[in-house]
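Input: a single structure, listed below in structure tokens.
Numbering (the numbering used here), first residue to last: 29 to 1165.
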């Protein structure tokens, strides 16, 4: 501007001297002048932060980032195979099209001249092999299928016409596809090797480019290996089809659970389909004599033992005889497992069912399981036919949702791929599965149930018949509402208690001003609660006084009677019930707001949840921002966070802190880990010298630290999360609540004026209110309630509906009684109109509900709305009180109700997207979990981007981040994640001593000299060899029950997987412990001897007995903990007891 700045001359004024332009390009004058519009403040902040990040990371860059391109002449898709021991690339398809292969900072992109494109993130690539010679090529082995896109030619032509008229040149929108052709779509999910033939001949320059690429930061492993190309004897898809037809024709000879595992071997890409066909007689021989469970266990082990075919894998791994030997070894181990399963009764319980799982992606149908699933009404009703039900997950190739990207259309994935499966079903080994239904929570998780028609007791059952037997849904004319009502039957309910209809009473709802104060809540008598408690888990010392239930209920007859013994008027009901000591006999009182449909005949009262204890309260980003906007001082947030950081820093300082933390986090609770650490310290040993124990602790602390920083998950000591119920006595006045907490068996009533109450998700500033917490008279029935919060039934509007549209059918409410936190003001709660569900004018059919499931997957934008709300709340001076945030809060409310109304939030009403975001929304440093003894858990460097984004970047790489001046930004920057974790590691890093457990063993042998245990040693070895594979994730992640996110806090998918993984590990660990200490259901007289033998077996070197599998070391710590626990039971064996 200083040199070439010049105002454009005005041609309208006469007599004006025309100045010559300082810049001329192709005889065209160019004028540079200051814009009339000011620069965006937040964009300038982004640029400033970006510059700071680049300066800070300049000395930490290490290897250069990948930025290399290769001209290519063709693309081929296929698999690796071995011929006479030599590796070959079996080419299934070939596209002789010129293009460019780009290696960028985080992914590779292959752009072909015909508009086709392959995008592969480096995280999804297992190996890149360079093949030099006269025809150089790169062979890319994907761990999961890449993304395929093309250009919609019709849309591109229309854009050309429109843009020519407008005089601009917008980029064409790309289209996500499932394969480049019909043939390719059949194999794109299982043929994961792509060969890119390079256009240039081999030269020193090409060699230098390849070497530079190999050294580049983030690029997957690369190696050079000559690989011949050959054509398949039988096409891959033909072999898959032949295998499926063969299994279907042998359905009477091969039970479905076994056929499922055999299909999985080929369909998931573990073994070539032709080899699986060849091994079919071996598989069926294992199951000879109805040993189906044995055969299933044997083949499941094989899936985790087969490596990726490629230049770094020996050919013998795929030799038929070698695999047969492996099957024999697996069978021996499986026989031991089946033996113990039969002797003890198995892992699964009456409250779980073994269910197969299927994952549907844009390219694949992946088979998994069977795994234990919590029971629900449908599974209980059809016990014995569970092989006909599968749990189906629709997702992207990485297991997450199919992401919305502005310049890529997903219509083909949803409207062709997913819709076809939802409407027509899919086949596995001759069985065709059709859509059945889903629960409300699984709908949001894009998970549902499919069923294959079956015959039971000479009666035919299909999806349509099963739904008809659940109840009468004909009066419901909304697909969304009908799906939600049917979904009640699919809600996980671990416990069911039979309650006859004679016990049920119907009472009217309490309504005022068209509002239901008793929405979703009923009561239960003392005697009936006692009956229910007999079925609840005995491990909970405190029996609940509030239950979340599903029950058939009773229909209101027109005469208004309140008690019925007739089952003609049966319905499906859901909600909460609380104890009412005034009720005599066995009484369950339900209300019309709890009744959702008619026609159910089940007498089971199913328990979905219970208020065993008050749940701890944590702040989140939404709560924190609203509190800030309502006047809460920053010092309160900073104090709470600093206290938590200090606690995390001190956890590794001594054994007491460590064991207390692990016990609180329920890490290793089933395997007595915290007790083991205490007992090791009593022996004057330092558990931190043991690499495995140290890593377990560090990983657990890191999980908490990352959640604290990236999710603002700050614990509030003076606060709880509690189930909400209604004051049935009418004692509480408007604006009052009764809150009683049971602490160490002592009831404590929280009282005080202006206590803060809210509910998640909170986006509107009116979602946070003040209440008066009061006590009730001694003789009040409310005195028998605890670990819940009672709301008043008085006033113009019920309080729960004012808190983010809550009700009383199971919602949790947050209450804070900390005197240091004061709201300077409150806002009027939102009062959005209740939208009627979409009415299609006829009874809802299965296809309608399947269509709704698909539409919901496509158009559910709750996550996007919530993220945009965070951005605007940070950038607008009024924060969450701004017009934009209030609009987003309204849209979020619609998105929450979408699953019930079928009315999606109108994204066109959303404030525009902003590409610059506050720093607290940025990803964190990568986490690396090393092998034992190789550095443990490490945080990588978070490096600033070193290249500009371009048209090859479709995703969030275009986002820029700035330092937020508000409380969330200050809290985020107050935690130096890397420094805090480094301090924690320094505290925990003592001298590595692999003999810690050996010292414990020496102590055990010394104290148990008079105990004969060696006759149990073989028994201990058998238990040690019970195999629970953990190949997809690290053993330490399985042990602590949490999957570490690569960057930042866990994703929702990772949280869900962590929960199911911990449940599965706890079941397996409990099973192994029971194998040690019990004979069937009775405590073994040789429990101590067995535990000593297992501890001895765990210290033996037995790696050679396990072919192709990583050594599982955690059994050593389980055995040691059980052994010390059994020694506690014998007086005098432990000196510190």
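Using N, Cα and C, we set each Cβ at its ideal position, and we do this for glycine too. As the structure is a prediction and not an experimental result, all values here were calculated from the model.
Where residue i sits in the DSSP three-state scheme
| i | result |
| --- | --- |
| residue 1198 | Since the first residue shown for the chain is 29 and the last is 1165, residue 1198 is missing from the structure and cannot be characterised. |
| residue 62 | coil |
| residue 603 | strand |
| residue 696 | coil |
| residue 454 | strand |
| residue 995 | helix |
| residue 414 | helix |
| residue 666 | helix |
| residue 482 | strand |
| residue 497 | helix |
| residue 251 | strand |
| residue 555 | helix |
| residue 973 | Summary for residue 973: the model assigns pLDDT 47, below 50, so the residue's position carries little reliability; its value from the coordinates is reported in the next sentence. In this structure, residue 973 counts as coil in the three-state DSSP scheme. |
| residue 1093 | helix |
| residue 205 | strand |
| residue 740 | coil |
Nonlocal neighbours in the same chain, by C-beta distance under 6 Å from residue i, ignoring five residues either side
| i | result |
| --- | --- |
| residue 762 | 820, 822, 823 |
| residue 373 | For residue 373, the predicted model reports a pLDDT of 46, less than 50, meaning its position is unreliable; a value from the coordinates is still stated below. None. |
| residue 610 | 809 |
| residue 327 | 289 |
| residue 1133 | Any reading at residue 1133 is ruled out, since the residue's pLDDT is 44, under 50, leaving its predicted position unreliable. |
| residue 297 | 218 |
| residue 140 | 125, 127 |
| residue 708 | 715 |
| residue 220 | 170 |
| residue 746 | 845, 846 |
Residue from the options whose Cα sits closest to the Cα of residue i
| i | options | result |
| --- | --- | --- |
| residue 1123 | 1028, 1163, 352, 1093 | 1028 |
| residue 363 | 327, 322, 399 | 322 |
| residue 228 | 755, 274, 127, 335 | 127 |
| residue 724 | 709, 693, 740 | 693 |
| residue 458 | 921, 285, 425, 887 | 285 |
| residue 842 | 780, 787, 421, 220 | 787 |
| residue 817 | 795, 844, 825 | 844 |
| residue 513 | 250, 522, 523, 500 | 500 |
| residue 557 | 495, 539, 635, 494 | 635 |
| residue 443 | 390, 943, 155 | 390 |
Per DSSP, the bridge partner or partners of residue i
| i | result |
| --- | --- |
| residue 108 | 117 |
| residue 638 | 575 |
| residue 1112 | According to DSSP, residue 1112 bridges with nothing at all. |
| residue 749 | 643, 842 |
| residue 137 | 130, 147 |
| residue 159 | 165 |
| residue 990 | 946 |
| residue 477 | 419, 465 |
| residue 1029 | According to DSSP, residue 1029 bridges with nothing at all. |
| residue 767 | 778, 817 |
| residue 550 | 605 |
CB-CB length for residue i against residue j, believed under 8 Å
| i | j | result |
| --- | --- | --- |
| residue 118 | residue 258 | 6 Å |
| residue 916 | residue 939 | 7 Å |
| residue 526 | residue 632 | 6 Å |
| residue 754 | residue 546 | 5 Å |
| residue 1172 | residue 789 | Coverage of the chain is limited to positions 29 through 1165, which leaves residue 1172 absent and any answer about it impossible. |
| residue 1184 | residue 678 | The first residue shown for the chain is 29 and the last is 1165, placing residue 1184 beyond what the model contains. |
| residue 339 | residue 255 | 7 Å |
Contact set for residue i: own chain, Cβ-Cβ below 8 Å, skip 5 residues either direction
| i | result |
| --- | --- |
| residue 923 | 888, 889, 890, 893, 932, 933 |
| residue 983 | Confidence at residue 983 is low in this model, with a pLDDT of 48, below 50, so the placement of that residue is unreliable and no value is reported for it. |
| residue 836 | 546, 547, 548, 549, 603, 604, 752, 753, 754, 819, 828 |
Close beta carbons around residue i, own chain, < 7 Å, minus the five adjacent residues each side
| i | result |
| --- | --- |
| residue 672 | 736, 742, 743 |
| residue 165 | 159, 223, 224, 225, 226 |
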